[in-house]
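Colleague: Supplied in structure tokens, the structure appears directly below.
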Amino acid sequence: KNDRKHCSKPLAHIVQKSLRYNPVLRYPTVKVLRKNLLRISQKATGNSFGRDSLTIAIAGTQHRIGVTHLALLITAYLNESGRKAYFIEKNNSNHISEILNRYGSIKMTDGYYRLSGLNIIPGYAYATLLPKDPGVIILDFGCLEKCDMDEFNKADIRLVVAGAREWELGATENSLKKLRGEKDIKY
């Protein structure tokens, strides 16, 4: 107990539980221990990048606000940083199909597309094509008004792209009302 001042209370609790004399009172598996360590690490650092996989959901307060652009940029940044990342279009805009057709993407044997170093999975094939160890999944939900909020809220990180110009404020305010009470959403 005297050493507790050298670490956080959650970490001290995990260490104490790991060292309990009775094995029944310890963590049942290393996987459960790891999950708890990652959870407190994420709270301390504010990110989840120590995990094997991470899901980032992005939605906009209105159409043409830049959700697809931001999602593609994040995917490119992660890939260039050495992280495996996949972009998935989870809306009905069909913009990704238009981009893939225009620039001549390469369909990989695993079923996903490669375009300028990006791994892209069409929304209709999301469930069947996602690798077992996907790394980071970037989900483009398009307009928040039309997205599946239950699925959006399942993501580890949720981002909302909002406009601040006078003609965008109405949509931004409506989206904020819809999200009232939701926690851990980044704007």
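Using my numbering, you'd call the opening residue of the sequence shown number 1 and step up by one each time. Every residue gets a Cβ at the ideal spot worked out from N, C-alpha and C, and that includes glycine. Nothing here was measured: the structure is a model prediction, and the numbers come from that model.
1) In chain order, what residues of the same chain lie with their CB nearer than 6 angstroms to the CB of residue 210, ignoring the 5 residues before and after it?
2) So residue 136 packs on residue 78, CB below 8 angstroms; how close in whole Å?
3) If you draw a straight line from the alpha carbon of residue 71 to that of residue 145, how long is it in whole angstroms?
4) Looking at C-alpha atoms only, which residue of 119, 84, 152 is the closest neighbour of residue 57?
5) Output the boundary residues of the beta strand (DSSP E) element that contains residue 89.
6) Would you call residue 179 buried or exposed, if buried means 16 or more other Cβ atoms sit within 10 Å of its Cβ?
7) Out of 28, 106, 167, point me to the one whose CA is closest to residue 120's CA.
8) Starting from residue 118, follow the beta strand (DSSP E) in both directions and report where the run begins and ends.
9) Assign residue 89 to buried or exposed, taking buried as 16 or more other Cβ atoms, counted over all protein chains shown, within 10 Å of its Cβ.
10) Just how far apart, CA to CA, sit residue 133 and residue 87?
11) Between the Cα of residue 32 and the Cα atoms of 14, 21, 20, 22, which residue gives the shortest distance?
12) Please confirm whether residue 233 and residue 117 have their CB atoms less than 8 angstroms apart.
Modeller: Taking the structure as given:
1) Residue 210 lies beyond the residue range present for the chain, which begins at 1 and ends at 187; the question has no answer from this structure.
2) 5 angstroms
3) 18 angstroms
4) Of the candidates 119, 84, 152, the one whose C-alpha sits nearest the C-alpha of residue 57 is 152.
5) 85 to 89
6) buried
7) With distances taken between Cα atoms, residue 120 lies closest to 106.
8) 118 to 121
9) buried
10) Looking at the two C-alpha atoms, the distance is approximately 14 angstroms.
11) 14
12) Here the chain covers residues 1 to 187 and nothing more, so residue 233 does not appear.
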